[in-house]
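Accompanying notes for the structure given below.
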Amino acid sequence: MIITKQLLLRRARMSDLDDLHQVFSNPAAMRFWDSLPYQEIEQTQRLLEAMIAASPDESDDFVIEHEGRAIGKAGCWRLGEIGFILHPDHWGKGLAHEALSAAIPHIFENLPIDRLEADVDPRNDASLKLLSRLGFRETGRAARTILVGDEWCDSVYLELPVATWRQTAPD
Ligand SMILES: CC(C)(COP(=O)(O)OP(=O)(O)OC[C@H]1O[C@@H](n2cnc3c(N)ncnc32)[C@H](O)[C@@H]1OP(=O)(O)O)[C@@H](O)C(=O)NCCC(=O)NCCS
């Protein structure tokens, strides 16, 4: 568990289902995700079960709790890869930056990786800005990497080497 100024980052539990379904069924939150907004609560349940079952050798992923509610998730969801999502009611207040600033040192301490990677839709300005502020740098781009519904989406690839993080991270 990690406590920050405004957030609690903790492992997922099944009682997060209703709160997280509010996030994963939200069209704005899911606009640049790798699937359409979840229609069925069973889809969120499967994601939650995968989070709970994930091996601590390969994943360091957190539910983000704010004022007693689960408002999203952030962390390393599969070895080396960072992911994050917040309910739009909580956007624009610096909460994603606060969550990831705390999660990233935990990830580098707990997983056998020397860099974190991200795969972001080039239209996803908020995520690109957030990652840039955290020190991630673009390493490449590719077109038509994922089909979401009937829309082909592109990718920007970014990485944060642990050495860069150590040089730039706030104390
Ligand atoms: C990406 C996301 C987590 C950002 O959450 P947030 O709490 O609003 O982000 P923060 O407030 O911490 O902002 C971080 C930076 O991004 C900027 N930012 C936030 N929203 C932005 C937007 N819509 N356009 C451009 N920049 C934006 C902020 O200004 C801030 O930069 P600054 O400090 O230099 O001003 C949120 O928009 C989200 O959940 N998006 C949907 C999920 C998603 O796309 N996940 C990534 C999949 S790869």
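Read in order, the letters of the sequence shown correspond to residues 1011 to 1181 in the working numbering. Every residue, glycine too, gets a C-beta built ideally from N, C-alpha and C.
Assigned with DSSP and collapsed to three states, residue 1062 falls in helix. By DSSP's assignment, residue 1106 forms no beta bridge with any residue. The continuous alpha helix (DSSP H) containing residue 1175 extends over residues 1172-1178. Uninterrupted beta strand (DSSP E) stretches at least 3 residues long and entirely within the segment 1014-1052 occur at 1018-1020, given in chain order. Minimum Cα-Cα distance from residue 1025 among the listed residues 1080, 1060, 1167, 1067 corresponds to 1080.
Closer than 7 Å to some heavy atom of ligand 1: that does not describe the Cβ of residue 1124.
Around the beta carbon of residue 1168, 16 or more other beta carbons lie within 10 angstroms, which makes this residue buried. Taking 8 Å as the cut-off, the beta carbon of residue 1136 is found no closer than this to the beta carbon of residue 1012.
Annotation: the segment 1074-1156 contains the following complete segments of the beta strand (DSSP E) (minimum length 3 residues), in chain order: 1079-1088, 1091-1096, 1125-1130. Exclusion of residue 1120 from the 7 Å shell around ligand 1 follows from its C-beta lying no nearer than that to any non-hydrogen atom of the ligand.
Not a single heavy atom of ligand 1 lies less than 7 Å from the C-beta of residue 1151. Relative to ligand 1, residue 1137 has its C-beta within less than 7 Å of a heavy atom. Of all C-beta pairs linking the segment 1125-1142 to the segment 1082-1096, three or more are shorter than 8 Å, placing the two stretches in contact.
Its Cα nearest to that of residue 1143, the residue 1175 stands out among 1053, 1085, 1062, 1175. Within the DSSP secondary-structure output, residue 1070 pairs in a beta bridge with 1086.
Set against 7 Å, the gap from the CB of residue 1083 to the closest heavy atom of ligand 1 is not smaller.
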